[in-house]
Amino acid sequence: MRLVRSFGPAALAAGLALGCGGAFAASAEKGKTAYTQHGCWQCHGMQAQGGLTGPKLAPDPIPIEAFTAFVRTTNRAMPPYSEAILPNDDLADIHAYLQTIPKPADYKSIPLLNQ
Amino acid sequence: MARKHPRPEVSRRKFLAGAAVAGATTALAPPAAKAAAATDASITAPRRPSALPPTMQVAIAETATPKELPRIGGVPGSDFMVDVIKTLDIKYLPSNPASSFRAIHESLINYGGNKMPEFLTCAHEESAVAMAHGYFKVAGKPLMTLCHGTVGLQHAAMAVYNAWCDRVPVIVVGGNDLDAAHRPPGVPTIHSAQDINALVRDFTKWDDTPVSLQHFAQSFVRAYKIAMTPPYGPVAISLDAGLQQEPMRNGEKPYIPRYVPTSPPQGDTGAVKEAARLLANAQNPVIVADRAARSENGVRLLVELAELLQAQVIDQGGRMNFPNTHYLRRPPTAVGNADVVLGLELTDFWATVNAYIDNGEHGVGINTSRIKPETKLISINASELLTKANYQDFQRFQSVDVSMPADAEATLPALIEAVKAAIPADRKAAIEKRGDAARKAYAEQRERTKQAAALAWDASPISTARMSMEIWAQIKDLDWSLVSVSGVGFNWPNRLWPMEKHYHWLGASGGYGVGYGAPASVGAALANRDLGRFSVNIQSDGDLMYAPGVLWTAARHKIPQLAVMFNNRGYHQEVMHVQRLSNFRNRVANLGNDMGPIGTSIENPDIEYHKLAESMGWWAKGPIKDPAQLGPALKEAVAVVKSGQPALLNVWTQPR
């Protein structure tokens, strides 16, 4: 998800609250399941690598606050996900999953990308 | 059209007219009885109908199954039709057989020797037209197809619409039995219509219904000429069964008109000069091309113009317009900094300079401009010469500053000369400097692209970047042609394979009718086979399932191609539409037992495309899910294709 817009104050507050709450520990394992169930993979790929229809989300995902704010309020190509259909816990888990995705190899070390 | 009687002495039409008169006469009562009846009627009988019921003779003549026709003597009319067709060097005729064109079918294979054109057996009319579509984009020559006038043409209609939108000539000939009095009853009558061409009239350039052999000769040559005049497009001819089947009249000597190609329309001299003035004086001109180049010369001309101006070029990919290895090639966002945009044969000028985001309030999208308000727009587009009302392929209206309804490739030489004359001497250094900046931007973009391709490199299912580069490793030393990527939701080959020749990339379907990719790839591979090129098709799963019978046609006619399945097990173009609406309505998308919303997945059960292909005579392997297995499998498949057979690999991929 590209953050190209300024977020609404309410959404940003929601994101900050989610990021700072610490009421539960986000689970990368659950996040991987939630990533599939909520359809993130459809545009961003099963390893969040991105593609023609959606930018890469990992490695190095954007901070949870900005991530949450964008998901809740986007009016770009991605439709917004309300809390009713993507609960905060799931969103945090998804972010935790994205954080576990390792960096790719340098393309210079991949022979097929240096033909 | 009524059939003529096969024996020249008495035409069938005259015989039937005579029979009808005789019947009518028989139906009349003798004068005495008639007078009596009139007297009675004036007194007691109700008013009689104005037409009397037919006699037994008339009823039989009008409704009974005609007797078997006597064997035809003389020269069949359809033989003459074949003579006409042969003057136009049409090499192939992909078609699904049908009774309404049986006479010309017989003439083509027996009288015509099944050469020029050669009949290619197809399993579906849509496949036949799409094969012709793909063939033209490689060969630059049109094919014709024959189809049943009603049911066959209805099957063919989607492919005709694709050809229309993609500006590709196809000569569609539909058999039809117009003569209600003589055509066989039952199915052949159900398969007849007053005006079969009406089915496709909204998306063909021209159509006709010839009523004599001389008329056919004129119509066919005219149809070819119209189809092959830019803007190219499909044409339709309704071919009467009687006209095909009957012999030529004694002494009948129809002539065949000579075909002389029409010069493509060039831009008006004044408009060309004004466009050149704007481009030569621009700070940041950008060229956008969609279907601008139809030949190697078109690519060369576009490179010459771009280098002359050091203008960035956005290739929208309707054709291979501009090499992706050239430092002036830029992504679509480059219009944002332009002060002059030259659009060449754009499908959608509005969407080139505006953005539409399907994410607004109340289901209404958001429109935003991509360009600065003062940006000048120039259009060269032959499609402006051919706009129809019903189908909306003309897109939103975009005002431009200089509009040339002309063929871009034909206009480029004049535009290049005009630009040379218009560049002020004091602008040349600034123009060169633009080139330096473009080289730097291009190099940086290449780095970013390659690093992006490295993401999920070892993923299973296989990443689309990995699949693309595994294919490239196997074909890079061949004279290759990427014949289709229809329905494929990624663009790695365009970004990573060096595309420099016009046949390296053929563009998409035009009308976005799913089901184009497989048959168009077979048609293009046919043209490449004759030119000694290696054809690669990245075949999407949903597309193949529309009419997979074309796989059999490829095997039957020994048309080699390497088909690599982009098997993402879903209609991913549609997945997000349902997800989007679910989100807008604050409802969780119902996945059922699939990965995507119900109705958008192609799984449970998974389709074994390799077995499907194998059953139709292809070499095939799969499913391949491990990226490490892909390279060796591709190597095997390439060897098979080089031996002259089609080969398919069923590869499980990431969604996009």
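Chains A and B supply the protein sequences, listed in that same order.
Per the numbering used here, numbering of the first sequence is gapless, rising by one per residue and ending at 105.
Per the numbering used here, numbering of the second sequence is gapless, rising by one per residue and ending at 638.
Idealized CB from N, CA, C, for every residue including glycine.
By a C-beta neighbour count over all protein chains shown, 10 Å radius and 16 as the cutoff for buried, is Ala264 of chain B buried or exposed? Taking the second sequence and counting its residues from 1, the one referred to as residue 264 of chain B is at position 282. With 16 or more other Cβ atoms within 10 Å, it is buried.
At what residues does the alpha helix (DSSP H) containing Leu225 of chain B begin and finish? For this step, residue 225 of chain B is matched to residue 243 along the second sequence. Its alpha helix (DSSP H) spans residues Ala223 to Gln227.
Ordered along the chain, which non-local residues of its own chain (more than five positions away) have a Cβ less than 7 Å from that of Gly56 of chain B? Stepping through the second sequence from its first residue, residue 56 of chain B is reached at position 74. Result list for Gly56 of chain B: Pro229 and Met230, in chain order.
If you count every other CB in all the chains shown that lies within 10 Å of the CB of Asn266 of chain B, and 16 or more means buried, which is it? Counted from its first residue, the second sequence places residue 266 of chain B at position 284. Per the 10 Å Cβ criterion, buried.
Cβ separation of Val281 of chain B and His484 of chain B, assumed to be a contact under 8 Å, to the nearest whole Å: Your numbering for residue 281 of chain B matches position 299 in the second sequence. Your numbering for residue 484 of chain B matches position 502 in the second sequence. About 5 Å separates the two Cβ atoms, so the contact holds.
Let me check understanding here. Comparing Cα to Cα, which of A:Arg66, A:Phe60 and A:Ala67 lies closest to Glu73 of chain A? Here residue 73 of chain A corresponds to residue number 83 of the first sequence, with the count starting at 1. Of the candidates A:Arg66, A:Phe60 and A:Ala67, the one whose C-alpha sits nearest the C-alpha of Glu73 of chain A is A:Phe60.
Compare the C-beta of Leu437 of chain B with all C-beta atoms of chain A and state if any pair is closer than 8 Å. Locating residue 437 of chain B in the second sequence gives position 455, where the first residue counts as 1. With 8 Å as the cut-off, Leu437 of chain B counts as an interface residue toward chain A.
Let me know the secondary structure DSSP gives Tyr338 of chain B once reduced to three states. The count along the second sequence starts at 1 and reaches residue 338 of chain B at position 356. It is a strand residue.
Could you please tell me which residues of the region 185 to 209 of chain B, in chain order, have their CB closer than 9 Å to any CB of chain A? none
Rounded separation between Thr357 of chain B and Val268 of chain B - CA only: Within the second sequence, the letter at position 375 stands for residue 357 of chain B. Within the second sequence, the letter at position 286 stands for residue 268 of chain B. Distance between the alpha carbons of Thr357 of chain B and Val268 of chain B is about 10 Å.
Do three or more CB pairs link the region 142 to 157 of chain B to the region 229 to 245 of chain B at distances below 8 Å? no
Presumed contact (8 Å Cβ cut-off) between Val518 of chain B and Leu464 of chain B, rounded CB distance: On the second sequence, residue 518 of chain B is found 536 positions in, with the first residue counted as 1. On the second sequence, residue 464 of chain B is found 482 positions in, with the first residue counted as 1. Right, the Cβ-Cβ distance comes to about 5 Å (below 8 Å), so this counts as a contact.
Residue environment, Asp159 of chain B, which counts as buried when at least 16 other CB atoms sit within 10 Å: In the second sequence, counting from the first residue as 1, residue 159 of chain B sits at position 177. Buried, because 16 or more other Cβ atoms sit within 10 Å of the Cβ of Asp159 of chain B.
If the cut is a Cβ gap below 7 Å, which residues of chain A does Trp454 of chain B touch? Residue numbering aside, residue 454 of chain B sits at position 472 when the second sequence is read from its first letter. What Trp454 of chain B touches in chain A: Gln105.
Between B:Ser503, B:Pro166, B:Phe185 and B:Ala258, which has its C-alpha nearest Pro651 of chain B's C-alpha? Past the edges of chain B, shown from -17 to 638, lies residue 651 of chain B, and the structure says nothing about it.
His344 of chain B: buried (16+ other C-beta within 10 angstroms of its C-beta) or exposed? Here residue 344 of chain B corresponds to residue number 362 of the second sequence, with the count starting at 1. Exposed, since its Cβ has fewer than 16 Cβ neighbours within 10 Å.
Nearest CA to the CA of Arg165 of chain B: which residue from B:Lys617, B:Glu556 and B:Gln227? Here residue 165 of chain B refers to the residue found at position 183 of the second sequence. Out of B:Lys617, B:Glu556 and B:Gln227, B:Gln227 has the C-alpha closest to the C-alpha of Arg165 of chain B.
Pull up the distance between the alpha-carbon of Trp31 of chain A and that of Arg477 of chain B, whole angstroms please. As a position in the first sequence, residue 31 of chain A is number 41, starting the count at 1. As a position in the second sequence, residue 477 of chain B is number 495, starting the count at 1. Spanning the two alpha carbons is a distance of roughly 22 Å.
Along chain A, which residues have their Cβ under 9 Å away from the Cβ of Asn568 of chain B? Your numbering for residue 568 of chain B matches position 586 in the second sequence. Within 9 Å Cβ-Cβ: Ser72, Ala74 and Ile75.
Identify, in the order they occur along the chain, each residue of the same chain with its Cβ nearer than 8 Å to the Cβ of Ala537 of chain B, setting aside the five sequence neighbours on each side. On the second sequence, residue 537 of chain B is found 555 positions in, with the first residue counted as 1. Cβ neighbours of Ala537 of chain B beyond the five flanking positions: Met598, Gly599, Trp600, Gln627 and Pro628.
Within a Cβ cutoff of 7 Å, which residues of the same chain sit near Arg378 of chain B, ignoring the five residues on either side of it in sequence? Numbered from 1 along the second sequence, position 396 holds the residue referred to as residue 378 of chain B. Once the five neighbours on either side are set aside, the close Cβ partners of Arg378 of chain B are Trp332.
Assuming Lys98 of chain A contacts Pro49 of chain A under a Cβ cut-off of 8 Å, what Cβ separation, rounded to an integer in Å, is found between them? By one-based count along the first sequence, residue 98 of chain A stands at place 108. By one-based count along the first sequence, residue 49 of chain A stands at place 59. No, Lys98 of chain A and Pro49 of chain A are not in contact; Cβ-Cβ is about 17 Å, not under 8 Å.
Ala6 of chain B to Thr37 of chain B, Cα distance in whole Å? On the second sequence, residue 6 of chain B is found 24 positions in, with the first residue counted as 1. On the second sequence, residue 37 of chain B is found 55 positions in, with the first residue counted as 1. Note that Ala6 of chain B has pLDDT 37, beneath the 50 cutoff, so the model's placement of it is unreliable and the number below is only indicative. Their backbone Cα atoms lie some 8 Å apart in a straight line.
Look at the alpha carbon of Cys104 of chain B and the alpha carbon of Val532 of chain B, and state the distance between them as a whole number of angstroms. The count along the second sequence starts at 1 and reaches residue 104 of chain B at position 122. The count along the second sequence starts at 1 and reaches residue 532 of chain B at position 550. Cα-Cα distance, rounded: 7 Å.
According to a CB-to-CB cut-off of less than 9 Å, which residues of the region 48 to 74 of chain A neighbour chain B? Ala48, Pro49, Thr64, Asn65, Arg66, Ala67, Met68, Pro69, Pro70, Tyr71, Ser72 and Ala74
Buried versus exposed, by CB contacts within 10 Å (16 or more), Ile580 of chain B: By 1-based counting over the second sequence, the position of residue 580 of chain B is 598. Label assigned to Ile580 of chain B: exposed.
Roughly how many angstroms separate the alpha carbons of Pro587 of chain B and Tyr528 of chain B, rounded to a whole number? Here residue 587 of chain B is taken as the residue at index 605 of the second sequence, counted from 1. Here residue 528 of chain B is taken as the residue at index 546 of the second sequence, counted from 1. Their backbone Cα atoms lie some 17 Å apart in a straight line.
If the criterion is Cβ atoms closer than 8 Å, does the pair Val470 of chain B and Ser522 of chain B meet it? By one-based count along the second sequence, residue 470 of chain B stands at place 488. By one-based count along the second sequence, residue 522 of chain B stands at place 540. Result yes, Cβ atoms of Val470 of chain B and Ser522 of chain B sit closer than 8 Å.
Give a yes or no on whether the C-beta atoms belonging to Val154 of chain B and Pro216 of chain B are separated by under 8 Å. Locating residue 154 of chain B in the second sequence gives position 172, counting from the first residue. Locating residue 216 of chain B in the second sequence gives position 234, counting from the first residue. In contact: Val154 of chain B and Pro216 of chain B (Cβ atoms closer than 8 Å).
Contact residues within the region 599 to 616 of chain B, judged by C-beta distance below 8 Å to chain A: none
In its own chain, which residues sit with a C-beta less than 6 Å from the C-beta of His28 of chain A, not counting the 5 before and 5 after it? As a position in the first sequence, residue 28 of chain A is number 38, starting the count at 1. Taken in chain order, the residues that qualify are Leu76.
Is Glu234 of chain B helix, strand or coil when you go by DSSP? As a working mapping, residue 234 of chain B is identified with position 252 in the second sequence. Correct three-state label for Glu234 of chain B: coil.
Who are the neighbours of Leu102 of chain A on chain B, taking C-beta pairs under 8 Å? Residue numbering aside, residue 102 of chain A sits at position 112 when the first sequence is read from its first letter. The contacting residues are Arg448, Met451, Glu452, Trp454 and Ala455.
Closer than 8 Å, Cβ to any Cβ of chain B: which residues of the region 13 to 33 of chain A, in chain order? Thr26, Gln27, Gly29, Trp31, Gln32 and Cys33
Should the region 550 to 567 of chain B be regarded as contacting the region 129 to 141 of chain B, the criterion being three or more beta carbon pairs within less than 8 Å? no
Quick check on the DSSP output: what are the complete beta strand (DSSP E) runs of length 3 or more inside the region 156 to 206 of chain B, in order along the chain? 188 to 190
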